[in-house]
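Student: Protein chains in written order, with my numbering: chain A, 287 to 436; chain B, 277 to 592; chain C, 694 to 1014. Structure incoming, see below.
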Amino acid sequence: MSEFEPTVVGFLCNWCSYAGADLAGVSRFQYPPNLRIIRVPCSGRINSLFILKALQGGADGVLVSGCHPGDCHYQTGNFYARRRLELFSNLLTYAGIQKERVKLAWVSASEGAQFAALVTEVVEDLKKVGINKDFVRDTKDIEEYTHESE
Amino acid sequence: MKLFRIDQEEWNRFLESLRNDMEVCQISEREHPFKEKLLPPKETLFYYRKDTPKQKEILNTKKRLFVGLSPCDAKTKQLLDLNFLSEPYPDPYYKALRDNTWVITKACQDFEPYCFCDQIGDSPAKLNGADGILYDLGESYHLLLDNEMLIQKLEEFGKSGESIENEDSSYEKGKIPSRNLAPLPIEPLKKNLLSQINNQELWEQIESTCLSCGACTFLCPACYCFDIQDTSYGRAGKRERIYDSCMFKSYTAEASGHNPRPTGKERWRQRLLHKFSYYPTLYGEIGCTGCGRCIKACPSKIDIREAIKHAAKYCG
Amino acid sequence: MNQNDQITLSLQLLARKAFEEDKIELLIGFEISPDGYARPRIFRSVEELDSLAWNHTASINLANYLHKYKDKKVGIIAQGCISRSIVALMNEGQFDRNKVIIIGVPCQGVIDEKKIRAEYGEFTILLEEEDEIGIKTHSGEQIMEEENYFHSACLSCQYPDPVIYDYLAEGKSRKVTVDYLDKIVKEAEALPEEEKIAKFTTEMEKCIRCYACRQACPMCYCDTCFVDVNSPKWLSNAPNKTDNSIWNITRIFHLAGRCVECGACDRACPENIDLMYLIAKMNRDTKDLFGFTAGLKLGVKPGLNTFQPNDPDFFWGKEGV
Chain A
287 MSEFEPTVVG
297 FLCNWCSYAG
307 ADLAGVSRFQ
317 YPPNLRIIRV
327 PCSGRINSLF
337 ILKALQGGAD
347 GVLVSGCHPG
357 DCHYQTGNFY
367 ARRRLELFSN
377 LLTYAGIQKE
387 RVKLAWVSAS
397 EGAQFAALVT
407 EVVEDLKKVG
417 INKDFVRDTK
427 DIEEYTHESE
Chain B
277 MKLFRIDQEE
287 WNRFLESLRN
297 DMEVCQISER
307 EHPFKEKLLP
317 PKETLFYYRK
327 DTPKQKEILN
337 TKKRLFVGLS
347 PCDAKTKQLL
357 DLNFLSEPYP
367 DPYYKALRDN
377 TWVITKACQD
387 FEPYCFCDQI
397 GDSPAKLNGA
407 DGILYDLGES
417 YHLLLDNEML
427 IQKLEEFGKS
437 GESIENEDSS
447 YEKGKIPSRN
457 LAPLPIEPLK
467 KNLLSQINNQ
477 ELWEQIESTC
487 LSCGACTFLC
497 PACYCFDIQD
507 TSYGRAGKRE
517 RIYDSCMFKS
527 YTAEASGHNP
537 RPTGKERWRQ
547 RLLHKFSYYP
557 TLYGEIGCTG
567 CGRCIKACPS
577 KIDIREAIKH
587 AAKYCG
Chain C
694 MNQNDQITLS
704 LQLLARKAFE
714 EDKIELLIGF
724 EISPDGYARP
734 RIFRSVEELD
744 SLAWNHTASI
754 NLANYLHKYK
764 DKKVGIIAQG
774 CISRSIVALM
784 NEGQFDRNKV
794 IIIGVPCQGV
804 IDEKKIRAEY
814 GEFTILLEEE
824 DEIGIKTHSG
834 EQIMEEENYF
844 HSACLSCQYP
854 DPVIYDYLAE
864 GKSRKVTVDY
874 LDKIVKEAEA
884 LPEEEKIAKF
894 TTEMEKCIRC
904 YACRQACPMC
914 YCDTCFVDVN
924 SPKWLSNAPN
934 KTDNSIWNIT
944 RIFHLAGRCV
954 ECGACDRACP
964 ENIDLMYLIA
974 KMNRDTKDLF
984 GFTAGLKLGV
994 KPGLNTFQPN
1004 DPDFFWGKEG
1014 V
């Protein structure tokens, strides 16, 4: 039986984290291929609905990463994101969504190795926690129909 | 119709025996309206595939018997039938549910503070289109059945009943609550409310504290507005029918941005006119069962009984 | 005379004064319904003020109606939580301070109808004394100790007195010594994960998406709510488990730093969903992490509209390399 490979959706800020991820690639740091990256201009752009929709759509985990506080390309975007996302992830954990499913991180453009380590950690944690059953949209009936009408 | 005398133990055994042929549900709470069984809050209509015109329609085939509802709830079937079964386009989904549904109500023995069926010409102890009604006589029941299939089943079970003319014939009905409340002035509304459509003062007074929350419409046995939502997944998808409400601001929002019912005033006008003017004009029945769930659910405690009395003052 | 009667008389006097001094064109307040409940009413003239009343069933958040009457000089009866809603709305630029006349009421708490109904069935209010409420049910008349039937928000209230007012009714507010919702939050936090998600899912499956919670909340005033936006379509309007979860979590989260914990949403819900346990967690987190409580002072930016450079930081990688 093959091991469960979690699907992780990553929202990376364009100026720091996305560049950091790019550096990891260029430097040939190995990290798991489970991450699907969505580039946003700033971590402050992250709407709580992005995280919820990712989970509802079937993502086993969501990673949000931005510039370190004080280094935001737009000066203050990540400060707002910090308040918003910490409060939001606390609320999700309280509602019963495992804390490993929502990872908040600061990764700068020069931190390629750290980015690889981050994604490795996220995927390992999610493998232990398992597949997202509680928050994924129930499409069993549509799937059954797709197969039966083939 | 036939009248049977049956005691509690026999009644429970009879219901058990019916479980071979149909699903038997005892309804013990009044919170949820019976309409949810005929017009579910979420109903899959059909599945579709994006590359072919083939569809898989979902029509109910499960037979169900509901027992223990109050008579006002049974009226749901009568009222929804008028709208959903009207020719030339009867609603096949509603029909499939309703044709496979039987209802035996239980005559009420008490009024709740917000009940008013007796004030709109109804009664807490009438058939109202149900297939049967149970009267609680204390140690046993009188069961009036108005449905051939159920009569046959009960006779097969071993009971025999007496044929009676109609439900108003004289027979023991147990405690039927009655109170000395004046009937609500429905007739003036049926005749003249439409003429008051532009009376801003009237509608403003009725609506003044409405929050447009829609709770009243969701719980009303006679409200049936619905919306259609499609959900896709990969190559296929499904179409669902869900509840909508004329009390929502977005109900009449148009693509241009214009909204002909922009404030609660217009929406309350629509609600009162629909129930007490349009429905009786089109179908002969008012769109209200007197159950009072709207009064209980309203966060602002708007009382439709007061709204009716207030509107009647302007209706001559 | 009991406190409620005293407050009622005081309110009638103050409201009359406000009308006569031409400070207000209409007053948002309460009247008593035939069943004994205080229900909201818009008073448009001095003559109507005989119906103005206050008692322990005054449960809706009146600040909601301010949105409807933005173009008029409006008076409003406000106890602690309502006055905080008004402050929070003014801090968001919704009203001018000088367009709203606030008649403050020191609050002793408001009942939770659902709690009473769960125990006694349907009821009407009979009488109100100093520290008792009498109700009439099918099985007769009951006198209850108020505290047992107050709403959980009232049992946790730290601000029963109005925080701003133009006039203040005479009376004494009830100070809460134990924060009831604190206990609820700690219990819910201590649950094992499977129970947390089970509790949450049970509540979410009850939701019928009637949006009564949104309509009852004075802070939910968006012209187009995110649930009504068609492009992008954030969530389905059908009452599915996951869509209901997204709706409730997001609505509650949109209130972070703005919610005054009045309980109006919880009371309005026709399906008895336990919203307070989620809202309480969010409010307590906002206070513990960022030191912010909504609606206490005019001129203060809402909690999530601002930041401190040294806010608590739980992000991965916060130390740098």
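Note that beta-carbon positions come from the ideal geometry of N, C-alpha and C, so glycine has one too. None of these values were measured; they are calculated from a predicted model.
Who are the neighbours of A/A381 on chain C, taking C-beta pairs under 8 angstroms?
Tutor: Here residue 381 of chain A refers to the residue found at position 95 of the first sequence. Simply K889, I890, F893, S938, I942, L971.
Student: With 8 angstroms as the C-beta to C-beta threshold (strictly closer), list the residues of the segment 332-349 of chain A near chain C in chain order.
Tutor: Against chain C - using a Cβ distance shorter than 8 angstroms - the residues of the segment 332-349 of chain A are S334, L335, L338, K339, Q342.
Student: Alpha carbon to alpha carbon, how far is C/I857 from C/L782?
Tutor: Your numbering for residue 857 of chain C matches position 164 in the third sequence. Your numbering for residue 782 of chain C matches position 89 in the third sequence. The straight-line gap from Cα to Cα measures roughly 13 angstroms.
Student: From C/V1014 to A/V409, what does the alpha carbon distance come to, in whole angstroms?
Tutor: Locating residue 1014 of chain C in the third sequence gives position 321, counting from the first residue. Locating residue 409 of chain A in the first sequence gives position 123, counting from the first residue. Confidence is the limiting factor: at C/V1014 the pLDDT is only 42, short of 50, which leaves the residue's position unreliable and the question unanswerable from this model.
Student: Would you mind listing the alpha helix (DSSP H) stretches within the segment 809-866 of chain C that are 4+ residues and don't spill past its ends, in chain order?
Tutor: The qualifying runs do not exist here; there are none.
Student: Could you tell me the distance, in whole angstroms, from the CA atom of A/V405 to the CA atom of C/G802?
Tutor: Looking up residue 405 of chain A in the first sequence gives position 119. Looking up residue 802 of chain C in the third sequence gives position 109. One C-alpha to the other measures close to 51 angstroms.
Student: Looking only at its chain, what residues have a beta carbon closer than 8 angstroms to the beta carbon of B/K371, apart from the 5 residues adjacent to it on each side?
Tutor: For the purposes of this step, residue 371 of chain B is identified with residue 95 of the second sequence, where counting begins at 1. Once the five neighbours on either side are set aside, the close Cβ partners of B/K371 are F360, L361.
Student: Give me the Cβ distance between B/D386 and B/L403, rounded to the nearest whole Å; I'm assuming they're in contact under 8 angstroms.
Tutor: Walking along the second sequence from the start, residue 386 of chain B turns up at place 110. Walking along the second sequence from the start, residue 403 of chain B turns up at place 127. Between B/L403 and B/D386 the Cβ distance is about 19 angstroms, and since that is not below 8 angstroms, they are no contact.
Student: If you measure beta-carbon to beta-carbon, which residues of the segment 979-1009 of chain C are closer than 8 angstroms to chain B?
Tutor: Those residues of the segment 979-1009 of chain C that come within reach of chain B (Cβ to Cβ, closer than 8 angstroms) do not exist; the list is empty.
Student: Is B/H534 near the ligand COA, with its Cβ less than 7 angstroms from a heavy atom?
Tutor: Absence of the ligand COA from the depicted structure is noted, as is the absence of any ligand whatsoever, leaving it without description.
Student: A/D424 versus chain C: which residues are under 9 angstroms apart at the beta carbon?
Tutor: Indexing the first sequence from 1 puts residue 424 of chain A at position 138. Those within 9 angstroms of A/D424 in chain C are N933, K934, T935.
Student: Between B/A512 and chain A, is there a C-beta pair that is closer than 8 angstroms?
Tutor: Here residue 512 of chain B is taken as the residue at index 236 of the second sequence, counted from 1. Output row for B/A512: interface = yes.
Student: Quick check: the Cα distance between C/N930 and C/E887, rounded to an integer number of angstroms?
Tutor: By one-based count along the third sequence, residue 930 of chain C stands at place 237. By one-based count along the third sequence, residue 887 of chain C stands at place 194. Approximately 27 angstroms between the Cα atoms of the pair.
Student: Near B/L558, which residues of its chain fall below 6 angstroms by C-beta distance, leaving aside the five closest residues on each side in sequence?
Tutor: Position 282 of the second sequence, counting from 1, holds the residue named residue 558 of chain B. Hits under 6 angstroms: none found.
Student: Give the range of the alpha helix (DSSP H) segment to which C/P733 is assigned.
Tutor: Within the third sequence, numbered from 1, the residue matching residue 733 of chain C stands at position 40. Per DSSP, C/P733 belongs to no alpha helix (DSSP H); it is in the beta strand (DSSP E), 731-736.
Student: Please state whether DSSP places B/F433 in a helix, a strand or coil.
Tutor: The count along the second sequence starts at 1 and reaches residue 433 of chain B at position 157. Helix at B/F433.
Student: Please classify B/M277 as buried or exposed, where buried requires at least 16 other C-beta atoms within 10 Å of its C-beta.
Tutor: Your numbering for residue 277 of chain B matches position 1 in the second sequence. Per the 10 Å Cβ criterion, buried.
Student: Quick one: Cα of C/D967 to Cα of B/K466, how far?
Tutor: For the purposes of this step, residue 967 of chain C is taken as the residue at position 274 of the third sequence. For the purposes of this step, residue 466 of chain B is taken as the residue at position 190 of the second sequence. C/D967 and B/K466: Cα-Cα distance of roughly 41 angstroms.
Student: By the DSSP assignment, the alpha helix (DSSP H) with A/A305 in it spans what residues?
Tutor: Counting from one through the first sequence, the residue named residue 305 of chain A turns up at place 19. Per DSSP, A/A305 belongs to the alpha helix (DSSP H) from 303-312.
Student: Would you list, in sequence order, the uninterrupted beta strand (DSSP E) runs of no fewer than 3 residues that lie entirely inside the segment 907-988 of chain C?
Tutor: The segment 907-988 of chain C contains no whole beta strand (DSSP E) run of 3 or more residues.
Student: Just confirm the distance between the C-beta atoms of C/P911 and C/S776, as a whole number of angstroms; I'd bet it's less than 8 angstroms.
Tutor: The sequence position of residue 911 of chain C within the third sequence is 218, counting from 1. The sequence position of residue 776 of chain C within the third sequence is 83, counting from 1. No, C/P911 and C/S776 are not in contact; Cβ-Cβ is about 11 angstroms, not under 8 angstroms.
Student: Quick check on DSSP: helix, strand or coil for A/R368?
Tutor: Here residue 368 of chain A refers to the residue found at position 82 when the first sequence is read from its first residue. Helix, per DSSP.
Student: Check whether the segment 983-997 of chain C touches the segment 335-351 of chain A, counting contact only when three or more Cβ pairs, one atom from each stretch, lie closer than 8 angstroms.
Tutor: The segment 983-997 of chain C, when compared against the segment 335-351 of chain A, does not touch it at the 8 angstroms Cβ threshold.
Student: Rounded to a whole number of angstroms, what is the C-alpha to C-alpha distance between B/F290 and B/K353?
Tutor: If you number the second sequence from 1, residue 290 of chain B lands on position 14. If you number the second sequence from 1, residue 353 of chain B lands on position 77. When rounded, the distance between both Cα atoms is 24 angstroms.
Student: With H, G and I counted as helix, E and B as strand and the rest as coil, what does DSSP make of C/F1000?
Tutor: Within the third sequence, the letter at position 307 stands for residue 1000 of chain C. Coil.
Student: Should C/N933 go down as buried or exposed, given a rule of 16 or more other Cβ atoms within 10 Å for buried?
Tutor: Here residue 933 of chain C refers to the residue found at position 240 when the third sequence is read from its first residue. By the neighbour-count rule (16 or more Cβ atoms within 10 Å), C/N933 is buried.
Student: Is there a Cβ of chain B sitting closer than 8 angstroms to that of A/Y360, yes or no?
Tutor: By 1-based counting over the first sequence, the position of residue 360 of chain A is 74. Not an interface residue.
Student: By Cβ distance below 6 angstroms, which residues in the same chain neighbour C/A862 in space, the five residues on each side in sequence not counted?
Tutor: To locate residue 862 of chain C, count along the third sequence from 1; it is residue 169. Contacts found: I700, S703, L704, V798.
Student: Please determine if the segment 747-755 of chain C and the segment 714-731 of chain C are in contact, where contact requires at least 3 C-beta pairs separated by less than 8 angstroms.
Tutor: Yes, they touch.
Student: Considering just the uninterrupted stretch of the alpha helix (DSSP H) at A/G344, what are its terminal residues?
Tutor: To locate residue 344 of chain A, count along the first sequence from 1; it is residue 58. No alpha helix (DSSP H) contains A/G344, which DSSP labels as neither H nor E.
Student: State the DSSP-derived secondary structure class of A/S351, mapped to helix, strand or coil.
Tutor: Numbered from its first residue, the first sequence carries residue 351 of chain A at position 65. Correct three-state label for A/S351: strand.
Student: In the DSSP assignment, find the unbroken beta strand (DSSP E) run with B/I409 in it and report its ends.
Tutor: On the second sequence, position 133 is the one that residue 409 of chain B refers to. That run of the beta strand (DSSP E) goes 408-412.
Student: Using only the alpha-carbon positions, how far apart do C/I770 and A/L390 sit?
Tutor: One-based indexing of the third sequence puts residue 770 of chain C at position 77. One-based indexing of the first sequence puts residue 390 of chain A at position 104. Answer to the nearest angstrom: the Cα atoms are 44 angstroms apart.
Student: Under 8 angstroms by Cβ, that's how I've got B/P497 and B/K351 pegged, so tell me the actual separation to the nearest angstrom.
Tutor: Numbered from 1 along the second sequence, position 221 holds the residue referred to as residue 497 of chain B. Numbered from 1 along the second sequence, position 75 holds the residue referred to as residue 351 of chain B. Indeed they touch by this definition, with Cβ atoms about 7 angstroms apart.
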